[in-house]
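A.B. asks: First, the structure itself, so that you have it in front of you.
Here it is, written out as structure tokens:
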């Protein structure tokens, strides 16, 4: 039994857009301004983040069109490098990237939901600090866990139902964001003079360090640009639709992010915005008046819910792909006989994501996720170069390739170094999760002695044997798209 190709182009764009436009756009600009107290540089961070997201997404999409299977990074790294590198990527996605992103969106939703009704309900029953991160249990955690459970149940009934609900969230999300931008520029109280007393670009090394520090939360806000690769096995006509969904969604999100943040940064002097984790609500109050705060908060809740749904769809497919290759618990590779959903992976993901709900500070989760994600993205972005050297190619040409890929990799390295310098505790947690993958890999390889479960690709043509998989058994993973050179 295999996953069904049931996602059309709109479904794919919807999933990408919804996974990218999550809590980041409504909370991270306040964090950026604490790193670089210059609205021009803050806006430059968002422009830079958009270019990097497009460059990274196109590199991933190139690999996805050659290997259109569930699992994303895990599949490409297994073929390009080795099973242990692939396992590390899957483990990071499992242990941090998706699970923590689900939790962050759920907690951000909970806090916005409580602010909508009664902020005094946002109380904690206990909290404790461990290795630089504060853990707690409160009302927000309970609401967040309940929300994750709801969308896990929705996904249990198959990708068809989940994608329809995702489209519903995404449609209103797009309409709401476009309305915010349109009304902001037509009737909003924005003031471009808030930019005039600041320099346009950094003029010294310290300035560039501040710019890179500001780019860290921006990087988080663009996460999700690789979402389509995790469900590539369920995309119709993957050679065409993966690229189209990546291009459309990344460009659309970048334009929206830059315009929205221009409105944020021009809505009030910087001292009123710096450090505000609810900058979306605060800026809207300055733009349209305090009377819109309830409406804006409700819309932000809606966006958070759409993000949770998208993360759950993509994340569960990684556990499924790892288990299918024998490098995770075998039961995670089982699909429901009726709904064709990876239901055991969904349950496992729910239980694990709940653990991250106990991290008190949203900002701590943001930096932890960013560090581990950049580590993974840096090595994955190079995989299409490796595949081309092995003559595994397709017809699509990335503009500026391979220099755009090299620029993306170099930028990630600089941002990781800046993150280590400025947020060492969160960065070290990210590195710790990465290193823990090594003993886990050998546990599954030696103790369990798994055997790969073959992928059924009967309806799809295979590539000629231009290169073998790097799996220990030397069994090539069937390739469903791409033409040999």
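In my numbering, the protein residues as written are 6 to 490.
Yeah, the Cβ is synthetic: ideal placement off N, Cα and C, and Gly gets one too.
1) Excluding the five sequence neighbours on either side, which residues of its own chain have a C-beta within less than 6 Å of the C-beta of residue 148, listed in chain order?
2) Looking at C-alpha atoms only, which residue of 409, 420, 414 and 375 is the closest neighbour of residue 434?
3) Just checking my contact of residue 40 with residue 215 at CB under 8 Å: how many whole Å lie between their CB atoms?
4) List the residues that DSSP assigns as beta-bridge partners of residue 143.
5) Start and end of the alpha helix (DSSP H) containing residue 388?
6) Cβ atoms of residue 244 and residue 12: under 8 Å apart, would you say?
7) Just how far apart, CA to CA, sit residue 203 and residue 282?
8) Please give the ranges of any beta strand (DSSP E) in the stretch 215-248, keeping only runs that are unbroken, at least 3 residues long and fully inside the region.
9) For residue 418, which of 381, 430 and 395 has the nearest alpha-carbon?
10) Counting pairs of beta carbons, one from the stretch 75-86 and one from the stretch 246-257, are three or more of them closer than 8 Å?
11) Does the stretch 334-350 come into contact with the stretch 114-129, if we say contact requires no fewer than three beta-carbon pairs (one atom in each stretch) closer than 8 Å?
12) Given a cut-off of 8 Å, decide if residue 15 and residue 234 are closer than it, judged by their beta-carbon atoms.
13) Near residue 463, which residues of its chain fall below 8 Å by C-beta distance, leaving aside the five closest residues on each side in sequence?
14) Apart from the five residues just before and just after residue 321, which ones in its own chain have a Cβ nearer than 6 Å to its Cβ?
15) Could you tell me which residues DSSP puts in a beta bridge with residue 364?
16) From residue 167 to residue 273, what does the alpha carbon distance come to, in whole angstroms?
17) Using CA atoms only, rank isn't needed, just tell me which of 397, 398 and 391 is closest to residue 411.
18) Whole angstroms are fine: how far does the CA of residue 438 sit from the CA of residue 138?
19) Return the Cβ separation of residue 33 and residue 223 in integer angstroms, given the expectation that the two are a contact with Cβ distance under 8 Å.
20) Please work out which residues of its chain come closer than 7 Å, Cβ to Cβ, to residue 144, disregarding the five sequence neighbours upstream and downstream, and give them in chain order.
21) Kindly indicate the opening and closing residues of the alpha helix (DSSP H) around residue 84.
22) Assuming residue 441 and residue 140 are in contact, meaning their beta carbons sit under 8 Å apart, how far apart are those beta carbons, in whole angstroms?
23) Would you call residue 107 buried or exposed, if buried means 16 or more other Cβ atoms sit within 10 Å of its Cβ?
24) Taking the alpha-carbon of residue 289 as reference, which of 190, 176 and 335 has the nearest alpha-carbon?
25) In three-state terms, what does DSSP make of residue 468?
26) Less than 8 Å between C-beta atoms, sequence neighbours within five positions excluded: which residues of the same chain meet that for residue 197?
27) Just curious, the alpha helix (DSSP H) that residue 491 is in, first and last residue?
28) For residue 30, is the classification buried or exposed, using 16 other Cβ atoms within 10 angstroms of its Cβ as the cut-off for buried?
29) Which of helix, strand or coil does DSSP assign to residue 339?
30) Using beta-carbon positions only, say whether residue 219 and residue 46 come within less than 8 Å of one another.
31) Could you pull the start and end residues of the alpha helix (DSSP H) that residue 439 belongs to?
32) How long is the line joining the alpha carbons of residue 264 and residue 165, rounded to whole angstroms?
33) Looking at the unbroken alpha helix (DSSP H) that takes in residue 329, where does it start and where does it end?
34) Taking buried to mean at least 16 other C-beta atoms within 10 Å of its own C-beta, is residue 187 buried or exposed?
35) On the premise that residue 409 lies in contact with residue 175, defined as a C-beta separation below 8 Å, what is that separation, rounded to the nearest angstrom?
C.D. replies: The answer reads as follows:
1) Contacts found: 115.
2) Comparing Cα positions, the closest option is 375.
3) Their Cβ separation, rounded to whole angstroms, is 6 Å, which keeps residue 40 and residue 215 in contact under 8 Å.
4) Looking at the DSSP assignment, residue 143 forms a beta bridge with 129.
5) For residue 388, the enclosing alpha helix (DSSP H) starts and ends at 388-394.
6) No, these two residues do not count as a Cβ contact at 8 Å.
7) So the two alpha carbons sit approximately 23 Å from each other.
8) With a minimum length of 3 residues, no continuous beta strand (DSSP E) run stays inside the stretch 215-248.
9) Nearest option by C-alpha distance: 381.
10) Taking one beta carbon from each stretch, the stretch 75-86 and the stretch 246-257 have fewer than 3 pairs nearer than 8 Å; the two do not touch.
11) Contact fails: fewer than three Cβ-Cβ distances are below 8 Å.
12) No Cβ-Cβ contact shorter than 8 Å links residue 234 with residue 15.
13) Low local confidence applies: a pLDDT of 49 at residue 463 is under 50, so the model's placement there is unreliable, with the coordinate-based value given in what follows. Excluding sequence neighbours, residue 463 sits near nothing in its chain.
14) Once the five neighbours on either side are set aside, the close Cβ partners of residue 321 are 347, 350, 351 and 354.
15) Beta-bridge pairing links residue 364 to 140.
16) Those two C-alpha atoms are separated by around 39 Å.
17) Selected option, being the one with the closest Cα: 391.
18) Distance between residue 138 and residue 438, taken at the CA atoms: about 14 Å.
19) About 7 Å; that satisfies the 8 Å criterion.
20) Result list for residue 144: 119, 126, 127 and 128, in chain order.
21) 78-85 is the extent of the alpha helix (DSSP H) around residue 84.
22) Between residue 441 and residue 140 the beta-carbon gap is near 18 Å, outside 8 Å, which marks them as no contact.
23) Buried, by the Cβ-count rule.
24) The option with the nearest alpha carbon to residue 289 is 190.
25) Per-residue confidence for residue 468 stands at a pLDDT of 41, beneath the threshold of 50, marking its modelled position as unreliable; no derived number is given.
26) The answer, listed in chain order, is 271.
27) The requested residue 491 is not part of the displayed model; the chain covers only 6 to 490.
28) Counting other Cβ atoms within 10 Å of its Cβ, residue 30 reaches 16 or more and is therefore classed as buried.
29) In the structure shown, residue 339 adopts coil according to DSSP, grouped into three states.
30) A contact, by the Cβ cut-off of 8 Å.
31) Note, residue 439: alpha helix (DSSP H), 429-440.
32) In this structure, the straight-line span from the alpha carbon of residue 264 to that of residue 165 is close to 33 Å.
33) Where residue 329 is concerned, the enclosing alpha helix (DSSP H) starts and stops at 298-329.
34) Per the 10 Å Cβ criterion, exposed.
35) Going by Cβ atoms, the distance from residue 175 to residue 409 rounds to 27 Å, so no, they are not a contact pair.
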